[in-house]
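Single-structure report; data block below.
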Amino acid sequence: MKTERLPETIQRNTPMPATPRKNRQPSSGKTVSQQERIKQEEFQEEAVAHINALYNYALHLTMNPDDANDLVQETYLKAYKFFDSFEKGTNCKAWLFKILKNNYINKFRKNAREPGKVDYDLIKDFYHSIKDAQSDSEDLNAGYFKSLMHDEVYQALNSLPDEFREVIQLCDIEGFTYEEIANMVESPIGTVRSRLYRGRKLLRGKLNEFAKKYGYNTDTEEST
Amino acid sequence: MNCKKAQALLSAAVDGELSLKEQQEFEAHIAKCADCQREFREAQKTKNIIREKIVRFKAPQSLVNSIIRLTETTTG
Numbered sequence: 036m037k038t039e040r041l042p043e044t045i046q047r048n049t050p051m052p053a054t055p056r057k058n059r060q061p062s063s064g065k066t067v068s069q070q071e072r073i074k075q076e077e078f079q080e081e082a083v084a085h086i087n088a089l090y091n092y093a094l095h096l097t098m099n100p101d102d103a104n105d106l107v108q109e110t111y112l113k114a115y116k117f118f119d120s121f122e123k124g125t126n127c128k129a130w131l132f133k134i135l136k137n138n139y140i141n142k143f144r145k146n147a148r149e150p151g152k153v154d155y156d157l158i159k160d161f162y163h164s165i166k167d168a169q170s171d172s173e174d175l176n177a178g179y180f181k182s183l184m185h186d187e188v189y190q191a192l193n194s195l196p197d198e199f200r201e202v203i204q205l206c207d208i209e210g211f212t213y214e215e216i217a218n219m220v221e222s223p224i225g226t227v228r229s230r231l232y233r234g235r236k237l238l239r240g241k242l243n244e245f246a247k248k249y250g251y252n253t254d255t256e257e258s259t
Numbered sequence: 010m011n012c013k014k015a016q017a018l019l020s021a022a023v024d025g026e027l028s029l030k031e032q033q034e035f036e037a038h039i040a041k042c043a044d045c046q047r048e049f050r051e052a053q054k055t056k057n058i059i060r061e062k063i064v065r066f067k068a069p070q071s072l073v074n075s076i077i078r079l080t081e082t083t084t085g
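Read top to bottom, the protein sequences are chains D and A.
The first sequence: position 196 = 231 (my numbering), numbered continuously.
The second sequence: position 27 = 36 (my numbering), numbered continuously.
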């Protein structure tokens, strides 16, 4: 099989092995080496376990289930090819997210929306395409209807400038630490802190009505 | 600690990312500053809304299967 070369951005930002992997087996052979089997098992245990998180992140970035599928597949293909460069015991989810983000930038950046500009038609299309894809999964189906109930939150989040939306997604939805986020967005921790502060402040203004309607008090009482 | 410093630490306080010393100083400040205390609670609520209301989709089984197949047919 042809050896794939990682895009420059990933080569620069992701630790790579010092030497190429040895003892490669020709893909034409039917027998899989013991080494390859161990790698497959480790990869499925370490990396495939994060597929739902990767898929959701891809959906948020692309707003399109087909593009999200492609992005996740390409991410796993690259991750598998370079799995030897992943340092065992470190955060595999963060490593995968960084590969996915780099893939996204390389693939979709040209068509990226302007920061802060809300394309409500795009959001509507996103829901319609999710609905079209719902036969793939009952969970997606249920999720679709839940999302319709709360699309004010989606719209508020998506209306934020990219740099604020990104850190809020990584922190509040995916649960990454500031250090992991700083590494992913290639900015100092102080910048992550400040983007979260400003992003949440912007969101708060947009979610005031939602908070009142759904019982999230906006005065000094505890939320329900 | 003054309000400016408290605001700089506010998101980290919401996310449990402060050092013990920073946490103590921040708590001491919001105990006596109603404005910063309100802002801290608002930020907590905003985080809670995002965590609770943004729907998490399950990856389609066809995608999961294709990733599994990919590891079986790709030599790293």
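All residues carry an ideal CB built from backbone N, CA and C; glycine is no exception.
query: Any idea what DSSP makes of residue 63 of chain A, helix, strand or coil?
result: Position 54 of the second sequence, counting from 1, holds the residue named residue 63 of chain A. Under the three-state reduction of DSSP output, residue 63 of chain A falls in the coil class, being neither helix nor strand.
task: Report the neighbours of residue 139 of chain D on chain A: residues whose CB is nearer than 9 Å to its CB, in chain order.
output: Here the question's residue 139 of chain D lines up with position 104 in the first sequence. Using a Cβ-Cβ cut-off of 9 Å, residue 139 of chain D is close to nothing in chain A; its nearest Cβ partner there is about 16 Å away.
message: If the criterion is Cβ atoms closer than 8 Å, does the pair residue 26 of chain A and residue 10 of chain A meet it?
response: Your numbering for residue 26 of chain A matches position 17 in the second sequence. Your numbering for residue 10 of chain A matches position 1 in the second sequence. Not closer than 8 Å, so no.
field: Residue range of the alpha helix (DSSP H) that includes residue 104 of chain D
entry: Here residue 104 of chain D refers to the residue found at position 69 of the first sequence. Where residue 104 of chain D is concerned, the enclosing alpha helix (DSSP H) starts and stops at 100-116.
- prompt: Is residue 195 of chain D near residue 237 of chain D, with beta carbons less than 8 Å apart?
  reply: In the first sequence, counting from the first residue as 1, residue 195 of chain D sits at position 160. In the first sequence, counting from the first residue as 1, residue 237 of chain D sits at position 202. Taking the C-beta atoms as reference points, residue 237 of chain D is found nearer than 8 Å to residue 195 of chain D.
message: Which runs of the alpha helix (DSSP H) at least 4 residues long sit entirely within the stretch 30-64 of chain A? Give them in chain order.
response: Counting only unbroken stretches of 4 or more residues, the alpha helix (DSSP H) elements lying wholly within the stretch 30-64 of chain A are 43-62, in sequence order.
- request: Pull out every residue of the stretch 10-34 of chain A whose Cβ sits closer than 9 Å to any Cβ of chain D, in chain order.
  value: Within the stretch 10-34 of chain A, the residues whose Cβ lies closer than 9 Å to some Cβ of chain D are 16, 17, 18, 19, 20, 21, 23, 24 and 26, listed in chain order.
query: With DSSP run on the structure shown, which of helix, strand or coil describes residue 225 of chain D?
result: Numbered from 1 along the first sequence, position 190 holds the residue referred to as residue 225 of chain D. The answer is helix: DSSP assigns residue 225 of chain D an H, G or I state.
message: Please list, in chain order, the chain D residues whose beta carbon lies closer than 7 Å to that of residue 49 of chain A.
response: Working through the second sequence from its first residue, we reach residue 49 of chain A at position 40. Under the 7 Å cutoff, chain D gives no residues; its nearest Cβ is about 10 Å from residue 49 of chain A.
query: Using a C-beta to C-beta distance shorter than 7 Å, which residues of chain A count as neighbours of residue 143 of chain D?
result: If you number the first sequence from 1, residue 143 of chain D lands on position 108. Result: empty, since nearest Cβ-Cβ is about 18 Å, beyond 7 Å.
Three-way DSSP call (helix, strand, coil) for residue 80 of chain A in this model: In the second sequence, counting from the first residue as 1, residue 80 of chain A sits at position 71. DSSP places residue 80 of chain A in helix when its eight states are reduced to three.
As assigned by DSSP and simplified to three states, the class of residue 24 of chain A: Against the second sequence, residue 24 of chain A aligns to sequence position 15. In the three-state scheme derived from DSSP, where H, G and I count as helix and E and B as strand, residue 24 of chain A is classed as coil.
task: Using alpha carbons as the reference points, say which of D/210, D/239, D/202 and D/71 lies closest to residue 221 of chain D.
output: Working through the first sequence from its first residue, we reach residue 221 of chain D at position 186. Taking only the C-alpha atoms, the option nearest residue 221 of chain D is D/202.
Interfacial residues, the stretch 63-89 of chain D to chain A, with Cβ spacing under 7 Å: Correct list: 71, 74, 75, 78, 79, 83, 86 and 87.
task: Assuming residue 211 of chain D and residue 234 of chain D form a contact by the criterion Cβ under 8 Å, report the distance between their Cβ atoms to the nearest whole angstrom.
output: If you number the first sequence from 1, residue 211 of chain D lands on position 176. If you number the first sequence from 1, residue 234 of chain D lands on position 199. About 15 Å separates the two Cβ atoms, so there is no contact after all.
Within chain A, the residues that residue 200 of chain D reaches when beta carbons sit closer than 9 Å: Taking the first residue of the first sequence as position 1, residue 200 of chain D is located at position 165. At a C-beta separation below 9 Å, residue 200 of chain D has no neighbours in chain A, since its nearest C-beta there lies roughly 10 Å away.
field: Residue range of the alpha helix (DSSP H) that includes residue 191 of chain D
entry: For the purposes of this step, residue 191 of chain D is taken as residue 156 along the first sequence, with counting starting at 1. Residues 186-193.
message: By the three-class DSSP mapping on this structure, what secondary structure does residue 240 of chain D have?
response: Sequence index remark: in the first sequence, residue 240 of chain D carries index 205 (1-based). Note: residue 240 of chain D maps to helix in three-state DSSP.
field: Cutoff 8 Å: residue 190 of chain D Cβ touching any chain A Cβ
entry: Position 155 of the first sequence, counting from 1, holds the residue named residue 190 of chain D. Judged by the 8 Å Cβ criterion, residue 190 of chain D is not in contact with chain A.
- request: Could you tell me how far apart the beta carbons of residue 345 of chain D and residue 115 of chain D are, in whole angstroms, since I believe they sit closer than 8 Å?
  value: Residue 345 of chain D lies beyond the range of chain D shown here (36 to 259); nothing can be said about it.
- prompt: Is it right to say residue 86 of chain A is buried, meaning 16 or more other beta carbons lie within 10 angstroms of its own, or is it exposed?
  reply: The question about residue 86 of chain A has no answer here: the residues shown for chain A are numbered 10 through 85.
query: For the alpha helix (DSSP H) that residue 142 of chain D lies in, which residues bound it at each end?
result: On the first sequence, residue 142 of chain D is found 107 positions in, with the first residue counted as 1. Segment 127-143, the alpha helix (DSSP H) holding residue 142 of chain D.
field: Alpha-carbon to alpha-carbon, residue 205 of chain D and residue 189 of chain D
entry: Counting from one through the first sequence, the residue named residue 189 of chain D turns up at place 154. Counting from one through the first sequence, the residue named residue 205 of chain D turns up at place 170. Between the alpha carbons of residue 189 of chain D and residue 205 of chain D lies a distance of about 15 Å.
- prompt: Between residue 22 of chain A and residue 42 of chain A, what straight-line distance do the alpha-carbon atoms span, to the nearest angstrom?
  reply: Reading the second sequence from its first residue, position 13 is the one you call residue 22 of chain A. Reading the second sequence from its first residue, position 33 is the one you call residue 42 of chain A. Roughly 15 Å between the two C-alpha positions.
Cutoff 7 Å; reference residue 64 of chain D; Cβ partners in own chain excluding five residues on either side: In the first sequence, the residue the question calls residue 64 of chain D occupies position 29. Confidence at residue 64 of chain D is low in this model, with a pLDDT of 49, below 50, so its placement is unreliable and the value that follows should be read with caution. Sequence-distant Cβ neighbours of residue 64 of chain D in its own chain, meaning closer than 7 Å and more than five residues away, do not exist here.
message: Measuring alpha carbon to alpha carbon, tell me which residue in D/68, D/89 and D/100 is nearest residue 111 of chain D.
response: Against the first sequence, residue 111 of chain D aligns to sequence position 76. Of the candidates D/68, D/89 and D/100, the one whose C-alpha sits nearest the C-alpha of residue 111 of chain D is D/89.
message: Under 8 Å, Cβ to Cβ, is there at least one residue of chain A near residue 92 of chain D?
response: Here residue 92 of chain D is taken as the residue at index 57 of the first sequence, counted from 1. For residue 92 of chain D, no Cβ of chain A is located within less than 8 Å of the residue's own Cβ.
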